[in-house]
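Worksheet for the structure shown next.
Number of protein chains: 2
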Amino acid sequence: MAVTIREVAQAAGVHVSTVSRTFSAPNLVNAETRERVIAAAAELGYRPNLAARALTTGRTNNLGLIVADIANPFFPPLIKAAQSYARVRGYQVFVADTDEDPRVEEELIGTLARQVDGVLLVSPRLSNAAIVRLGADLPFAVVNRRVKGMPAVLMDVGTGAGAAVDHLAGLGHRRLVVLGGPRNSWTSGQIRRAAGAAAERHGVELSYHGPNAPTEQGGYRAAAAVLAAGATGVIAYNDLMAIGAIEGLATAGAEVPRDVSVVGVDDTVAGRLNRPKLTTIAMPTQTAGRAAVDLLLQAIDEAASGTVQMILETDLVVRDSTGPRVAVERRV
Amino acid sequence: MAVTIREVAQAAGVHVSTVSRTFSAPNLVNAETRERVIAAAAELGYRPNLAARALTTGRTNNLGLIVADIANPFFPPLIKAAQSYARVRGYQVFVADTDEDPRVEEELIGTLARQVDGVLLVSPRLSNAAIVRLGADLPFAVVNRRVKGMPAVLMDVGTGAGAAVDHLAGLGHRRLVVLGGPRNSWTSGQIRRAAGAAAERHGVELSYHGPNAPTEQGGYRAAAAVLAAGATGVIAYNDLMAIGAIEGLATAGAEVPRDVSVVGVDDTVAGRLNRPKLTTIAMPTQTAGRAAVDLLLQAIDEAASGTVQMILETDLVVRDSTGPRVAVERRV
DNA sequence: GTGAAAGCGCTAACAA
DNA sequence: TTGTTAGCGCTTTCAC
């Protein structure tokens, strides 16, 4: 069995409570005694049992981090940043994947509930109502979702989407289509709304096709709808989908960017490596991961303080998947 | 405060131990009482406190999963598979990232020690000696490392590397270089050894350059060494490095695969999306993730049973980054 | 500044 | 089949 506080106490010739204090409130213990205790602890290889501590303090020093799909390249940088920052702040993090399923998400929150001090919901697939309901039990912070009264980090994809429409309109495209993501995705809604507004400003036609799976496959399948709509400009929910759409278009004989221009979202490695290099909306994922942990810890510490919603900017990164519209007669 | 076993007991009109049994050993309790307890628990929204349970049982039902770099595309599919399979088996998993630093790895193991039943070390950067020492305290399972007496899942990259050399030699390349990965990487050693043996069989020259950072940057920097060695065939430690090397070669005026053939390892999305599409050694990451959890749980359950080392096959996937050697006079 | 004692939520003998 | 009791490792009053 592992070394406990009791054995350290014995070795140092003090009472257990003194050992406890040495670690949780060192200033309350005589410097000399403290030295002795610390030496004994080091000698025996003592490590506090956090679970036991949690039982009395009510603080586990653990966080939950729930994402839709770990393997989607959008998430790993965020997970990495969140996890590493949490560690600096003294927290370990449970990472869980919902496979894009809201029911799994709810179940996971339940399982995690008693063993974490709070949960980070990244691009949740749950409805706002469900989040609010579950949030009554447990501090939450959400990323890419606006929920009344809840700390949130929002990546303002709307401005990016607007810029994308400006960009496409500027290139002469008159008929655009937005390929939406999963049903409950806030990001997807933002893109649609902002792109719609921008299109109207430019007097450009814009239609919506969705929901789609946020994957290459989803994009590949959606290519048909793009052609059916007669669009020459596409804004896809994420890079993966944009890459899939480009493949799908190629299969149907339409080349990117010659015949159709495609814009992705996220600025993942995938988009940078793809050929043509993807024009995309860059999301500040690492900043978001860090900030979300910050907000969550704040929410945990100050029970019910004022809610903070943090908005991070996004940028349009122009690469090679967008180009000027070519006159109809030259197409096909 | 959260609902405890006591309140459920009161509501159901039974003693706490009966409630406890209803959840941990339902068959030991009268069907009728059980119903009543379950109903009361559901009514109150009771959720067992796993940390408290862990205190008495010594079982946390948590696992640790330590990787070198979450953002490296090799890991996410493995993490996803491991996490999802662990959940099916009733375990939650802490995911931690060491940033390729062995000291962080050791520290993380220490922190996790008392709150998990076992730890999965995926492509560890720690020395074997350190792993054995730390493993005395806590069940481990390792992936991509062979440690005496420890359950392991090995992706047999050696055969893949041999096949890669066969492939390159078959294309006429007579001078190859292996770009190694991090210092303590078992995979890197395997590649070097197997490639060396295969090169000897073919009577082909093979040199080694390493260690390198397992990133695009690392590959980019190593390109100079490739050219200096006068090699026309390269096997890189992973896809990222291969992609970086291709860029680096291009910068130096050498085109892939015209002037130099490059083989990666891992078969990540990155490699599939890169242009030229990467010839690479496919690693069964998802299978490995699942299998490793399996082995770890086995090790946890049967204290000190016979050690299992599981070897998974790898495949050479030929794409566009390798091609026939072109006569010297046509190069440059 | 340190010790004594109670208790966090739960399980596991042991009795009844 | 159910209740009683002790205790897991730790923190936290309260005395001294």
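Line order of the protein sequences matches chains G and A.
Quick note, this note's numbering runs 833 ahead of the 1-based positions in the first sequence.
Quick note, this note's numbering runs 833 ahead of the 1-based positions in the second sequence.
Idealized CB from N, CA, C, for every residue including glycine.
On a predicted model such as this, the values are computed, not experimentally measured, just so you know.
Go to residue i, then tell me how far its beta strand (DSSP E) extends in each direction, as first and last residue.
i: V952 of chain G; result: G951 to V955
i: V976 of chain A; result: F973 to V976
i: H1000 of chain A; result: Careful: H1000 of chain A lies outside any beta strand (DSSP E), inside the alpha helix (DSSP H) at V990 to G1003.
i: L1009 of chain G; result: R1008 to L1012
i: E1033 of chain A; result: Element bounds for E1033 of chain A: not the beta strand (DSSP E) but the alpha helix (DSSP H), W1019 to H1035.
i: I903 of chain G; result: Where I903 of chain G is concerned, there is no enclosing beta strand (DSSP E), given that its DSSP letter is neither H nor E.
i: V928 of chain G; result: Q925 to D930
i: V1095 of chain G; result: S1094 to D1099
i: T1112 of chain G; result: T1112 to A1115
i: D1148 of chain A; result: D1148 to V1150
i: E1038 of chain G; result: E1038 to H1042
Would you kindly work out how many angstroms separate the C-alpha atoms of residue i and residue j, rounded to a whole number?
i: V986 of chain G; j: D1127 of chain A; result: 37 Å
i: R1163 of chain G; j: R1091 of chain G; result: No answer about R1163 of chain G holds up, because its pLDDT of 46 lies below 50 and its placement is not dependable.
i: L877 of chain G; j: I838 of chain G; result: 10 Å
i: R947 of chain A; j: T1020 of chain G; result: 39 Å
i: P1157 of chain A; j: A1115 of chain G; result: 39 Å
i: A845 of chain G; j: V862 of chain G; result: 14 Å
i: S960 of chain G; j: T931 of chain G; result: 14 Å
i: R1025 of chain A; j: R1123 of chain A; result: 27 Å
i: Q1023 of chain G; j: Q925 of chain A; result: 33 Å
i: V847 of chain A; j: R922 of chain A; result: 30 Å
i: A914 of chain A; j: V952 of chain A; result: 15 Å
i: L1073 of chain A; j: G1104 of chain A; result: 8 Å
i: G897 of chain G; j: I912 of chain A; result: 15 Å
i: P1047 of chain A; j: S1018 of chain A; result: 10 Å
i: L1130 of chain G; j: R892 of chain G; result: 12 Å
i: T1120 of chain A; j: Y918 of chain A; result: 10 Å
i: A901 of chain G; j: D934 of chain G; result: 7 Å
i: A858 of chain A; j: D950 of chain A; result: 21 Å
i: V1150 of chain G; j: S853 of chain A; result: 57 Å
i: V1165 of chain A; j: A1087 of chain A; result: Residue placement at V1165 of chain A is poorly supported in this model, since its pLDDT is 42, which falls under 50; the coordinates still yield a value, given next. Distance between the alpha carbons of V1165 of chain A and A1087 of chain A is about 8 Å.
i: I1080 of chain G; j: E938 of chain A; result: Checking the sequence, you will find Glu at residue 1080 of chain G rather than Ile. Distance between the alpha carbons of E1080 of chain G and E938 of chain A is about 41 Å.
i: N894 of chain G; j: L883 of chain G; result: 8 Å
i: P1044 of chain G; j: R1016 of chain G; result: 6 Å
i: A904 of chain G; j: H1000 of chain G; result: 30 Å
i: A1132 of chain G; j: Q1142 of chain A; result: 45 Å
Would residue i and residue j qualify as a contact pair, given that the criterion is a beta-carbon distance under 8 Å?
i: V1010 of chain G; j: H1042 of chain G; result: yes
i: D1134 of chain A; j: T1113 of chain A; result: no
i: A1057 of chain G; j: L888 of chain A; result: no
i: P909 of chain G; j: P909 of chain A; result: yes
i: T1147 of chain G; j: G993 of chain G; result: yes
i: I1068 of chain G; j: A1028 of chain G; result: yes
i: T851 of chain A; j: V870 of chain A; result: yes
i: A1085 of chain A; j: R1008 of chain A; result: no
i: T956 of chain G; j: V976 of chain G; result: Here the sequence assigns Ser to residue 956 of chain G, which means Thr is not the residue at that position. For S956 of chain G and V976 of chain G, yes; Cβs fall inside 8 Å.
i: P881 of chain G; j: T1101 of chain G; result: no
i: V841 of chain G; j: A874 of chain G; result: yes
i: S1094 of chain A; j: L1039 of chain A; result: no
i: V1059 of chain G; j: T1155 of chain G; result: no
i: L1145 of chain A; j: D989 of chain A; result: yes
i: V980 of chain G; j: A1031 of chain G; result: no
Could you give the residue range of the alpha helix (DSSP H) that holds residue i?
i: L877 of chain G; result: A864 to L877
i: A919 of chain G; result: F908 to V921
i: G1066 of chain G; result: Taken as a continuous stretch (DSSP letters only), G1066 of chain G belongs to no alpha helix (DSSP H), being part of the beta strand (DSSP E) at G1066 to A1069.
i: G1077 of chain A; result: D1072 to T1084
i: Y1053 of chain A; result: E1049 to A1061
i: R892 of chain G; result: Neither: R892 of chain G is in no alpha helix (DSSP H) and is coded neither H nor E.
i: I838 of chain A; result: I838 to A845
i: T1173 of chain A; result: The structure shown has nothing for residue 1173 of chain A, since chain A only spans 834 to 1165.
i: S853 of chain A; result: V849 to S857
i: L861 of chain A; result: Run containing L861 of chain A: none; DSSP gives neither H nor E here.
i: N1107 of chain A; result: No alpha helix (DSSP H) contains N1107 of chain A, which DSSP labels as neither H nor E.
i: N961 of chain G; result: N961 to G968
i: T944 of chain A; result: P935 to A946
i: D1127 of chain A; result: T1118 to D1134
Give me the subset of the stretch 863-893 of chain G whose CB atoms are less than 7 Å from a CB atom of chain A, sorted by chain position.
Correct list: R880, N882, L883, A884, A885, A887, L888 and T893.
Within 8 Å of chain G by C-beta, residues of the stretch 1050-1082 of chain A in sequence order
Residues I1076.
Compile a chain-ordered list of the residues in the stretch 1087-1114 of chain G whose CB is closer than 8 Å to at least one CB of chain A.
Close to chain A, meaning a Cβ-Cβ distance shorter than 8 Å, are the following residues of the stretch 1087-1114 of chain G: V1102, A1103, L1106, N1107 and R1108.
Residues of the stretch 914-929 of chain G whose Cβ lies closer than 8 Å to any Cβ of chain A, in chain order
Cβ contacts with chain A: Q916, S917, R920, Q925, V926, F927, V928 and A929.
Near-chain A residues of the stretch 970-995 of chain G - C-beta to any C-beta below 7 Å:
The residues in question: there are none.
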